[in-house]
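Numbered continuously in the working numbering, the sequence shown closes out at residue 185. Here a beta-carbon is modelled for each residue, glycine too, at the ideal position from N, C-alpha and C. What follows is one structure encoded as structure tokens, with my remarks underneath.
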Amino acid sequence: MKDTITPLNYTKEAIKDLSVMEKGLRSNAPLTSYIMRQVIDMLDSSVKFILPNCCDIIEPEEYRQTHFDLARLPYPVVTFEIPWFKDNVETQIGDFNISPSSRRIALCWEARQSFEPIPGCNSILNTYIDGGVFILPVSWSDDLKIWILGVGGMFFPYNNKLTKYEPDRTLPASRFVIDT
């Protein structure tokens, strides 16, 4: 029997939902609309990959500096589609209720001066001159049955150094996330 990969088509579905939201923002929030349009265009033109459930590729305790040193995108703009099913679904983090998200997308792009889809995002290259990768989440809300663009993303700089986690040297918000 041959193993087959079933296309998830998360990105195609997300583009539909985000396009509706973007149109609704045009008159009252033109900058937000512009950024959403940029994200939609990147999602549409990106090279898509499917990752395993919960992105379980390497056990967290097995991460080594080599993994970080080799972390490069195979194309300038990439979309990772990830199913996210866990046995124990948390409904609360601290005092906050959370909504499950069984489908997730990570939109990733190489930071380069010639491409700035979100105004001002490349200013980070003043600090990280070796560049890196921007990662923007798009999540499916199981409760609302709609794709939602993350309110923030992250920048993964090249020349990252893996260090041991030290709770007393970590910001309170980061400790909160790690501890939950």
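Q: Count the other C-beta atoms from every protein chain shown that fall within 10 angstroms of the C-beta of V44, then say buried if there are 16 or more, exposed otherwise.
A: In the assembly as shown, V44 is a buried residue. Its beta-carbon has 16 or more other beta-carbons within 10 Å.
**Q.** Contiguous beta strand (DSSP E) assignments of at least 3 residues, all confined to the region 115–169
**A.** 137–146, 151–154, 159–162
Q) Of the choices I55, P105, V52, whose alpha-carbon is the least far from that of L149? A) P105
Q | Which residues DSSP lists as bridging V44, in chain order | A | None; V44 has no bridge partner.
Q: Just mark Y170 as buried or exposed, buried being the case when its beta carbon has 16 or more other beta carbons within 10 Å.
A: exposed
Q: Using a threshold of 8 Å, state whether the C-beta atoms of L30 and L112 are closer than that.
A: With contacts defined as CB atoms closer than 8 Å, L30 and L112 fail to qualify as a contacting pair.
Q: In angstroms with no decimal places, state the Cα-to-Cα distance between A34 and V25.
A: 14 Å
Q.
Can you find the residues in the same chain that come closer than 8 Å, C-beta to C-beta, to I20, ignoring five residues on each side of it along the sequence?
A. I45, L48, D49
Q) By how many angstroms is the C-alpha of I62 removed from the C-alpha of V52? A) Each residue's alpha carbon lies about 19 Å from the other.
Q | Inside the region 49–109 only - alpha helix (DSSP H) runs reaching at least 4 residues | A | 70–74
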